[in-house]
Amino acid sequence: MIVLRCTQSLLKDMKVNPAEHEEVDPFWSWHANIHRLNNRKHILFVNDLTRLCIMVNGVRSAQLTTLKEKFIATLISYLQSEGVNSSLIHAYVTAGTDLMISKTNNRSVLGTMKEIMLSPRMITMMISIG
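With the UniProt record's numbering applied, the sequence shown has no gaps in its numbers, which climb one by one up to 130 at the end.
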């Protein structure tokens, strides 16, 4: 099971209540935050263990199903572009078919997310895709 640990602002935007759950291995845990640039929403996902970053856009308020689908599709696309073996990608996605929404729990990952968003390279990328 993959756990998406959303910030308060993302939880509010998605109009979802976080679920209570036990601790999950950081490999399966992703922090997510919403950022607005030029009146467009961009959602940044950061893996708790590897600090891998994924940016998703085109998700509107209260479209939780769309958010989950775009997250998985973007993750698969990125891992394929990095040359990760397709059987490993399939194993990760299959094992994580259940996506649970939870609150953030790691200030270190939140700090990493903040640094990423302050990066000029990230801002340029958001402008180009947005």
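By construction, the Cβ of each residue, glycine as well, lies at the ideal position given by its N, Cα and C atoms. Please read all numbers here as calculations on a predicted model, not as lab measurements.
| Check | Outcome |
| --- | --- |
| For Thr104 and His31, believed in contact at Cβ under 8 Å, the rounded distance | 6 Å |
| Cut-off 7 Å between Cβ atoms - residues of its own chain near Lys68, not counting five sequence neighbours on either side | Leu99 |
| Contact set for Leu75: own chain, Cβ-Cβ below 7 Å, skip 5 residues either direction | Ile54 |
| Whole-angstrom distance between Trp28 and residue 201, CA atom to CA atom | Residue 201 cannot be examined here, being either before or after the span of the chain that is shown, 1 to 130. |
| Beta-bridge pairing of Phe71 - partner residues as DSSP gives them | Answer by DSSP bridge pairing: none, since Phe71 is not bridged. |
| Three-state class that DSSP yields for Leu44 in the structure shown | strand |
| Cross-strand partners of His35 (DSSP beta bridge) | His42 |
| Alpha-carbon spacing of Val93 relative to Val16, whole angstroms | 23 Å |
| Counted within 10 angstroms of its Cβ, other Cβ atoms place Asp25 as buried (16 or more) or exposed | exposed |
| Close Cβ partners of Pro18 (< 8 Å) along its chain, the five nearest in sequence each way excluded | Cys6, Leu11, Ile101, Ser102 and Lys103 |
| Helix, strand or coil at Met1 according to DSSP, with G and I counted as helix | coil |
| Whether Met113 touches Val59 by CB criterion (7 Å) | no |
| The alpha helix (DSSP H) enclosing Lys12, as first and last residue numbers | Gln8 to Met14 |
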